[in-house]
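Residue numbers (full-length UniProt numbering): 1 to 417.
Cβ coordinates follow ideal geometry from the N, Cα and C atoms, glycine included.
In this text the structure is predicted, and so the values were computed from the model without any measurement.
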């Protein structure tokens, strides 16, 4: 990965010319209105005065072995690191949105070498050959033709990448949109995908009749949440954000957004920050202070959201331009409901993060854990405390332990069979 100095100079010039909008006092602290100036200005200052892309670029290149390979005529960028241990399983790490291949940086060493890298395992611990691609049109991967710019074709391309690398069968991990891609891979390539690991899966309630077509659904578990409850969404009422049943507002139309975000690094930073919404630190300041450390590896567990981290994530959209990814989201939202029409025999393991101090009535709460049984054979569920949206970045150690356990359960099940 190498970005020309000319482009970096242009980015700095655009940041210096940023005009921030006026903001009434009453907006401060009102998250529903979006990012405030008090949140964004320190980030812009950090980007201009202290952020060092060349240093970050070197750190990324040193931590993550990266390659490019043509798959069906489209060059894909990917991270690939092989384990030297004996108990090894190929693992495809699928990023979601707005994250990128950078998310694998905090788990890849521990997955490949559980003996030398915390969280430590013994000589019998499961290890992995890890492949972490940039999805087509994201990061440094070429885009697919527009008619194929969606999660289904992405699933086919990632399976093609694994086969090109010599992995006929493999596990997959993904959360958020990454999980939806994994689900599409399980449906479209069931002979290749041996298991899915995910965290807090966002699944709809089973459609009528689906549960009765599977032996793995725990009907008693499904009935523990009353459909008459006002907070209980039904199949008919479940409408994913941006689905065809809901007309897109002007601010959701991808090409309209692209004109603003492709030309303004500050605007794109605000957009990404609003999507991530880092938790407010105990000090009460809206942004954590810069720690001065590189944000790669398990050493950066204490503070996953530094200003440098947020800018790195923004750069993964700024460098290629955000327009292809935004259109991918729109195209994928239009077909995401097709993922939930059938049962997949591919087993799944779940890491469920929940804040014990808050109620969990979201679609990713305990209800969805039982709904998942209508779509997959659930091999394991591990409950973890705390709400996270990007588990590989925010809670990497626990995620590594759970991925290892799923691989171990899968291996033992094969031996017993």
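### Task
Could you work out which residue in 173, 397 and 59 is closest to residue 90 when comparing CA atoms only?
If you number the chain shown from 1, residue 90 lands on position 90. Checked all of 173, 397 and 59; the closest Cα to residue 90 is 173.
### Message
Rounded to whole angstroms, what is the Cα-Cα separation between residue 409 and residue 138?
### Response
Numbered from 1 along the chain shown, position 409 holds the residue referred to as residue 409. Numbered from 1 along the chain shown, position 138 holds the residue referred to as residue 138. When rounded, the distance between both Cα atoms is 33 Å.
### Task
Within its chain, find whatever has a CB closer than 8 Å to the CB of residue 35; leave out the 5 residues flanking it on each side and keep chain order.
For this step, residue 35 is matched to residue 35 along the chain shown. So the qualifying residues of the chain are 270, 273 and 274.
### Query
Closer than 7 Å: is that where the CB of residue 148 sits relative to any heavy atom of the ligand MN?
Although the ligand MN was asked about, the structure shown includes no ligands whatsoever.
### Message
What does DSSP give as the partner residue(s) for residue 94 in the beta ladder?
### Response
Counting from 1 along the chain shown, the entry for residue 94 is found at position 94. Beta-bridge pairing links residue 94 to 174.
### Task
For residue 57, I'd like the list of residues in its chain whose CB is within less than 8 Å of its CB, leaving aside the five on either flank, ordered along the chain.
Taking the first residue of the chain shown as position 1, residue 57 is located at position 57. Around residue 57: 1, 2 and 3.
### Query
Do the CB positions of residue 180 and residue 144 come within less than 8 Å of each other?
Start at 1 with the first residue of the chain shown, and residue 180 comes out as number 180. Start at 1 with the first residue of the chain shown, and residue 144 comes out as number 144. Result no, Cβ atoms of residue 180 and residue 144 do not sit closer than 8 Å.
### Message
With H, G and I counted as helix, E and B as strand and the rest as coil, what does DSSP make of residue 403?
### Response
Working through the chain shown from its first residue, we reach residue 403 at position 403. Here residue 403 sits in helix by DSSP.
### Query
Which residues mark the beginning and the end of the alpha helix (DSSP H) in which residue 13 is found?
In the chain shown, counting from the first residue as 1, residue 13 sits at position 13. It spans 5 to 16 - the alpha helix (DSSP H) in which residue 13 sits, taken as one unbroken run.
### Message
Could you tell me the alpha carbon to alpha carbon distance between residue 192 and residue 307, rounded to whole angstroms?
### Response
Here residue 192 corresponds to residue number 192 of the chain shown, with the count starting at 1. Here residue 307 corresponds to residue number 307 of the chain shown, with the count starting at 1. Near 39 Å, if we compare the C-alpha coordinates of residue 307 and residue 192.
### Query
Is residue 390 buried or exposed, if buried means 16 or more other CB atoms sit within 10 Å of its CB?
Translated into positions along the chain shown, residue 390 becomes position 390. Per the 10 Å Cβ criterion, buried.
### Message
Could you check whether residue 94 and residue 130 sit closer than 8 Å to each other, using their CB atoms as the reference points?
### Response
Walking along the chain shown from the start, residue 130 turns up at place 130. Walking along the chain shown from the start, residue 94 turns up at place 94. No, the Cβ-Cβ distance between residue 130 and residue 94 is not below 8 Å.
### Task
Check residue 1 in the structure and name its three-state DSSP category.
Locating residue 1 in the chain shown gives position 1, counting from the first residue. Coil at residue 1, not helix or strand.
### Coarse secondary structure for residue 126, derived from DSSP in three states
In the chain shown, residue 126 corresponds to position 126, counting from 1. Residue 126 falls in the coil class under three-state DSSP.
### Query
Per DSSP, residue 350 forms a beta bridge with which residues?
Position 350 of the chain shown, counting from 1, holds the residue named residue 350. According to DSSP, which records beta bridges pairwise, residue 350 is partnered with 198 and 381.
### Task
Leaving aside the five residues before and after residue 195 along the sequence, list all residues of the same chain whose C-beta is less than 8 Å from its C-beta, in chain order.
Here residue 195 is taken as the residue at index 195 of the chain shown, counted from 1. Around residue 195: 171, 172, 346, 347, 348, 349, 379, 406, 407 and 410.
### Spatial distance of residue 60 from residue 102 (CA atoms)
One-based indexing of the chain shown puts residue 60 at position 60. One-based indexing of the chain shown puts residue 102 at position 102. Each residue's Cα considered, the two are about 8 Å apart.
### Query
Going by alpha carbons, who is nearest to residue 316 out of 375, 183 and 262?
Here residue 316 refers to the residue found at position 316 when the chain shown is read from its first residue. Considering only alpha carbons, the answer is 262.
### Task
Please confirm whether residue 388 and residue 394 have their CB atoms less than 8 Å apart.
If you number the chain shown from 1, residue 388 lands on position 388. If you number the chain shown from 1, residue 394 lands on position 394. Yes. Within cutoff.
### Task
Have a look at 22, 343, 23 and 386 and flag the residue whose alpha-carbon is nearest the alpha-carbon of residue 188.
Translated into the one-based positions of the chain shown, residue 188 becomes position 188. The shortest Cα separation from residue 188 among 22, 343, 23 and 386 belongs to 343.
#### Entry: Limits of the alpha helix (DSSP H) - the one that residue 58 falls within
For the purposes of this step, residue 58 is taken as residue 58 along the chain shown, with counting starting at 1. Run containing residue 58: 53 to 63, per the alpha helix (DSSP H) assignment.
### Residue interval of the beta strand (DSSP E) (run including residue 79)
Locating residue 79 in the chain shown gives position 79, counting from the first residue. 74 to 81 is the span of the beta strand (DSSP E), which, as asked, contains residue 79.
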